[in-house]
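In terms of my numbering, the sequence shown is residues 71 to 354.
Some notes on the structure that comes next.
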Amino acid sequence: MTDHARHQESFTVNKARWDEVVAIHVASADYQVQPFLAGQDTLLPIEAREIGDIRGKSLIHLQCHFGLDTLNLARRGAHVTGLDFSPQAIAAARALAARAGLEARFVEGNLYDAPSLIAERFDLAYVTWGAINWLPDIKGWAKVVAKMLKPSGELYLLEAHPFAFALDQVPPGGAVGVRDAGAPLCPTFPYFGAGVPIIFDSDTTYTGDDTKVENTRTHEFLHPMSDILGGLIEAGLTLTSYNEHDSIAWAMWPLLVEGADRMYRMPEGHTNLPLSFSLKARKA
Ligand SMILES: C[S@@+](CC[C@H](N)C(=O)[O-])C[C@H]1O[C@@H](n2cnc3c(N)ncnc32)[C@H](O)[C@@H]1O
């Protein structure tokens, strides 16, 4: 491992949690494995619309979890590689590829080690929905992305908006991340997080399943937009598109309402907020 060894405690805590939730997620209706196996494209509407024609392109899906989106992208004609540090996730991804009869390579490893673990360089890097909040060093992440791309290769990033990440619906004096539908939505976490982990403690996962997990702790990191965009610029990438969205892929707070498109939005009558953002950035 690189100089990210100093974040080993966060990696160890998070990996244990991710290993444990893989089986819950594979079985969860939220993740749409059965519709996918029946032939449905289960990408959510934003990425389905924005990813464009990827036929014949080589693509690396960073932090691919159990490979569902990676395999959706394979079905769309890309030559895919997924990377994740959870051995359980990688085993489940390989099993899912076999069940779906799709070609894909899955590599187990820490994001920061990707350039040394994978020799190939790619036309596209794909990073979506709840990936960069697990990474302590966003500028280091941008350098990894740039290293994994071929010249003229492009990153597609679709993530929770850092402004939204700084808010939460927790009663006054309540424990970090223990949300309450009756609590107001308030600024809760420091927007300029400076690489310090926010430590959450929750015995269930975000899919809504009530299965209790043993590894309750997670270390997450809030990166201000200036560090995300600045990191990409410093890594030599040029922004080619940028969008903000009023919807997000999961019930980030209890007040959000799920739509028919499986996306969550602010309820009627409440002011709208940027819940997610997406961008494309090209390597020179
Ligand atoms: C919310 S999931 C990403 C979801 C993804 N959009 C998908 O296709 O399902 C976050 C993933 O990041 C992985 N992860 C977290 N920290 C990592 C790290 N330092 N290196 C590699 N993978 C990591 C976890 O194992 C988990 O599978």
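All C-beta atoms in this analysis are idealised placements derived from N, C-alpha and C, irrespective of residue type, glycine included.
Just so we're clear, the structure is a prediction, and the values are computed from it rather than from any experiment.
Can you determine whether any heavy atom of ligand 1 sits closer than 8 Å to the C-beta of glycine 200, and answer yes or no? Taking the first residue of the sequence shown as 1, we reach residue 200 at position 130. Checking every heavy atom of ligand 1 against the Cβ of glycine 200, one is found closer than 8 Å.
Going by DSSP in three states, methionine 71 sits in which element: helix, strand or coil? Here the question's residue 71 lines up with position 1 in the sequence shown. Note that methionine 71 scores a pLDDT of 45, beneath 50, so its modelled location is shaky; the value from the coordinates is reported in the next line. Coil, per DSSP.
Taking alanine 319 as the reference, give the member of Gln102, Ala93, Ala97, Glu79 with the closest Cα. As a first step, residue 319 is located in the sequence shown; it is residue number 249 there, counting from the start. Of the listed residues, the one whose Cα sits closest to alanine 319 is Gln102.
Pull up the CB-CB distance for glycine 197 and leucine 227, whole angstroms please, since I reckon it's below 8 Å. Along the sequence shown, read from residue 1 onward, the residue named residue 197 stands at position 127. Along the sequence shown, read from residue 1 onward, the residue named residue 227 stands at position 157. Note on identity: in this sequence residue 197 is valine, with glycine being the wrong assignment. With a Cβ gap of about 5 Å, valine 197 and leucine 227 count as contacting.
Measure the alpha-carbon distance for isoleucine 124 versus glycine 252 and round it to whole angstroms. Residue numbering aside, residue 124 sits at position 54 when the sequence shown is read from its first letter. Residue numbering aside, residue 252 sits at position 182 when the sequence shown is read from its first letter. Going by the C-alpha atoms only, they are around 44 Å apart.
Please determine whether the Cβ atom of threonine 274 lies at a distance below 8 Å from any heavy atom of ligand 1. Within the sequence shown, the letter at position 204 stands for residue 274. No, the Cβ of threonine 274 stays beyond 8 Å of every heavy atom of ligand 1.
8 Å CB neighbourhood of leucine 297 in its chain, flanking five on each side removed: As a first step, residue 297 is located in the sequence shown; it is residue number 227 there, counting from the start. The sequence given here places aspartate at residue 297; leucine does not occur at that position. Correct list, in chain order: Ile208, Lys209.
Would you mind giving the Cβ-Cβ distance between leucine 141 and alanine 167, rounded to the nearest angstrom? I have them listed as a contact below 8 Å. By one-based count along the sequence shown, residue 141 stands at place 71. By one-based count along the sequence shown, residue 167 stands at place 97. With a Cβ gap of about 6 Å, leucine 141 and alanine 167 count as contacting.
Counting beta carbon pairs with one atom in the stretch 261 to 280 and one in the stretch 181 to 190, are three or more of them shorter than 8 Å? Note that the stretch 181 to 190 does not touch the stretch 261 to 280; fewer than 3 beta-carbon pairs, one per stretch, sit closer than 8 Å.
Under DSSP, the alpha helix (DSSP H) around valine 91 begins and ends at which residues? In the sequence shown, counting from the first residue as 1, residue 91 sits at position 21. First-last of the alpha helix (DSSP H) with valine 91: 78 to 97.
In chain order, what are the residue ranges of uninterrupted beta strand (DSSP E) at least 3 long that sit wholly in the stretch 297 to 343? 307 to 315
Can you name, in chain order, every residue of its own chain whose Cβ lies under 7 Å from the Cβ of arginine 164, other than the five neighbours on each side? Sequence index remark: in the sequence shown, residue 164 carries index 94 (1-based). Around arginine 164: Phe176.
On the criterion of 16 or more Cβ atoms from any shown chain inside 10 Å, does lysine 85 qualify as buried, or is it exposed? The count along the sequence shown starts at 1 and reaches residue 85 at position 15. The residue in question, lysine 85, is buried, as its Cβ has 16 or more Cβ neighbours within 10 Å.
Within a Cβ cutoff of 6 Å, which residues of the same chain sit near glutamine 158, ignoring the five residues on either side of it in sequence? By 1-based counting over the sequence shown, the position of residue 158 is 88. Hits under 6 Å: Asp89, Val92.
At least 3 beta-carbon pairs within less than 8 Å: the stretch 227 to 240 vs the stretch 347 to 354: yes
Whose C-beta lies closer than 7 Å to the C-beta of isoleucine 121 among residues of the same chain, with five residues either side of it excluded? Locating residue 121 in the sequence shown gives position 51, counting from the first residue. If we look at isoleucine 121 and ignore the five residues flanking it on each side, its Cβ neighbours are Tyr226.
Alanine 354 to isoleucine 303 span [Cα, whole Å]: The count along the sequence shown starts at 1 and reaches residue 354 at position 284. The count along the sequence shown starts at 1 and reaches residue 303 at position 233. Those two C-alpha atoms are separated by around 11 Å.
Classify phenylalanine 262: buried if its beta carbon has 16 or more other beta carbons within 10 angstroms, exposed otherwise. Start at 1 with the first residue of the sequence shown, and residue 262 comes out as number 192. When all chains shown are included, phenylalanine 262 counts as exposed.
Under the three-state reduction of DSSP, which class applies to aspartate 123: helix, strand or coil? Position 53 of the sequence shown, counted from the first residue, corresponds to residue 123. Correct three-state label for aspartate 123: coil.
Nearest neighbour of glutamate 178, chosen from Gly300, His135, Lys213 [CA to CA]: Here residue 178 refers to the residue found at position 108 of the sequence shown. Taking only the C-alpha atoms, the option nearest glutamate 178 is His135.
Following a CB-centred definition, is threonine 140 positioned closer than 8 Å to any heavy atom of ligand 1? Counted from its first residue, the sequence shown places residue 140 at position 70. Checking the Cβ of threonine 140 against ligand 1 gives yes.
Would you say the beta carbon of glycine 179 comes nearer than 8 Å to a heavy atom of ligand 1? Numbered from its first residue, the sequence shown carries residue 179 at position 109. Yes, the Cβ of glycine 179 comes within 8 Å of a heavy atom of ligand 1.
If you check the beta carbons only, do leucine 107 and arginine 145 fall under 9 Å apart? Counted from its first residue, the sequence shown places residue 107 at position 37. Counted from its first residue, the sequence shown places residue 145 at position 75. Contact flag unset, no.
Determine the direct distance from the alpha carbon of alanine 321 to that of alanine 75, and round the result to whole angstroms. Stepping through the sequence shown from its first residue, residue 75 is reached at position 5. Stepping through the sequence shown from its first residue, residue 321 is reached at position 251. One C-alpha to the other measures close to 32 Å.
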